[in-house]
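Below: one structure, written as structure tokens.
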Amino acid sequence: MAKENINRSKTRQQKISAQTQYLEINKTVKRSSRKDKRNWINEQAKQAEEAERKGDIIELYITRKLSQRKFRMNRPVKTKSATLLTTQEEQLKRGGRTFF
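The sequence shown begins at 333 in the numbering used here and counts up one residue at a time.
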């Protein structure tokens with residue numbers, strides 16, 4: 333809604349006031365997002381500690397799996413001359429990991 337006010341403003345003064353309002357709202361949203369992320373990470377750590385204390389390996393595995401970073405598995409491997417290596421043999425000759 334604040335973004336729409338910026339686009340709908342007719343005078344320069346209206347636009348400036350709408351932009352300052354948008355910046356304040358944007359700051360609070362970003363702060364809240366960072367706080368929520370910190371709380372989620374702390375909660376995951378607490379669950380992992382409790383699971384470790386109890387000896388519950390399944391719960392510990394699930395919490396570790398949830399808290400790990402995600403990365404793309406199927407990335408193409410390139411040579412130094414920027415040509416793609418499509419077969420596993422070529423990739424192994426280069427010395428890189430295979431992601432298949």
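Built from N, CA and C at the ideal position, the CB exists for glycine as well. Keep in mind that this is a model prediction, so the values were computed, not measured.
According to the Cβ coordinates, are residue i and residue j closer than 9 Å?
i           : j           : result
residue 334 : residue 341 : no
residue 380 : residue 392 : yes
residue 385 : residue 409 : no
residue 353 : residue 337 : yes
Using 10 angstroms around the beta-carbon of residue i, count the other beta-carbons present and answer buried if the total reaches 16, otherwise exposed.
i           : result
residue 345 : exposed
residue 420 : exposed
residue 431 : At residue 431 the pLDDT is 48, less than 50, meaning the model places this residue with poor confidence; the figure from the coordinates comes in the next sentence. Answer is exposed; the Cβ neighbour count stays below 16.
For residue i, report the span of its alpha helix (DSSP H) as first-last.
i           : result
residue 415 : First-last for residue 415: undefined, no H or E at that position.
residue 365 : 344-386
Taking only three categories from DSSP, how would you classify residue i?
i           : result
residue 431 : At residue 431 the pLDDT is 48, less than 50, meaning the model places this residue with poor confidence; the figure from the coordinates comes in the next sentence. Correct three-state label for residue 431: coil.
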